[in-house]
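Presented below is the structure to which this report refers.
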Amino acid sequence: MRFENKVVVVTGGASGIGLAAARRFHAEGASVVVADLNDEAGAAAASALGDRARYQHTDVSDWPQVQALMTAAADAFGGVDVLFNNAGIGSFGATPDLPVEDWRRVIEIDLNAVFYGCKAAIPLMRARGGGAIVNTASISGLAGDYSFAAYNAAKAGVINYTRSLAIDHAREGIRANAVCPGPVDTPIIAGIKAMQGVRERWDDAVPLGRFAQPEEIANVVAFLASDEASYMTGAVIPVDGGVTAHTGQPN
Ligand code: NAD
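In full-length UniProt numbering, the protein residues as written are 1 to 251.
What follows is the structure, given as structure tokens:
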């Protein structure tokens with residue numbers, strides 16, 4: 001019950017990693033606000049959690065909607081203690097063919113939205129005397145991938161923004177850390193997985209030999225958000241089955 005009497009906001013909480021984290025936070029006593037664009041899945045997720053949970057329609061790339069999300073969380077549950085900035089989209093395309101609109105959309109949702117969430121939540125955390133932020137980056141923010149230019153840039157931005165947050169707010173008792181998942185079995189990569197042979201090649205590239213389940217990322221997120229991680233801030237934690245431990249040289 002690490003989150004008893006805590007209020008947790010999870011963006012992208014209708015699916016995948018966010019859904020697994022919302023369940024975990026709630027199971028450990030938190031009041032949880034699930035924020036997403038997918039109203040059907042988001043409302044279903046919140047109602048399956050039951051008491052101490054609500055859904056708030058939020059496009060995280062829209063600053064007024066993110067402000068409304070934090071206001072809704074504070075109105076419903078009295079404040080915000082933990083923010084899991086996790087909503088995100090994938091992107092596919094290399095420069096120069098990548099359309100400008102695709103680049104902007106990925107930067108808006110995968111990077112700018114993390115800033116919007118923190119900007120809206122930090123005053124509420126200050127009012128509670130502290131808080132914890134966990135941002136979902138990616139191993140794609142630590143190194144480059146083929147044809148993931150915008151996503152690579154956005155996730156690298158999330159990583160260094162998290163470090164900056166950690167420094168700026170450490171003395172206020174607000175910690176900020178980033179998780180860098182490797183491949184996780186969620187809908188975001190369904191299209192890629194469906195390509196001929198890709199799933200097998202990815203499995204081969206992961207030292208543990210498989211994709212993560214969303215709960216395996218949520219476990220680390222919950223740890224980072226909890227008081228067990230009280231001396232961790234500005235950390236960037238790969239949860240990647242060993243991918244980034246490998247130089248890439250063949251066996
Ligand atoms: P997912 O598609 O299951 O979940 C993403 C959720 O974000 C969805 O519910 C979607 O509706 C929501 N969302 C998308 N755009 C939104 C917006 N503008 N406003 C509000 N909600 C929005 O995928 P996931 O794998 O659980 O992804 C969660 C995070 O993990 C993302 O930031 C993603 O980049 C990151 N990530 C995923 C993987 C992976 O392999 N699955 C690897 C590394 C990082």
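No residue lacks a Cβ here, since even glycine has one placed at the ideal position from N, Cα and C.
Around the beta-carbon of G50, fewer than 16 other beta-carbon atoms lie within 10 Å, marking it exposed. For the pair A45 and L19, the CB atoms are nearer than the 8 Å cut-off.
One thing to note: A156 has its Cβ no nearer than 8 Å to the Cβ of L165.
Contact annotation, D81 with M125: C-beta distance approximately 7 Å; criterion of less than 8 Å satisfied. Here S147 has F92, G93 and A94 as same chain residues with Cβ atoms under 8 Å from its own Cβ, once five neighbours each way along the sequence are excluded. An exposed status is given to T247, since fewer than 16 other beta-carbon atoms sit within 10 Å of its beta-carbon.
With the rule of 3 Cβ pairs closer than 8 Å, the region 54-63 counts as touching the region 30-43. By the C-beta criterion, the region 180-194 is judged not to be in contact with the region 223-232, since fewer than 3 inter-stretch pairs fall below 8 Å. Here the alpha carbon of G117 sits roughly 17 Å from the alpha carbon of I17. Boundaries for A150: no beta strand (DSSP E) harbours it, while the alpha helix (DSSP H) harbouring it runs A149 to H169, taken from the DSSP string. Taking the CA atoms as reference points, D204 sits about 30 Å from W103. About 6 Å separates the beta carbon of V60 from that of I109, a gap short enough to meet the 8 Å contact definition. For a cut-off of 8 Å, the C-beta gap from I237 to A178 is around 7 Å, short enough to register as a contact.
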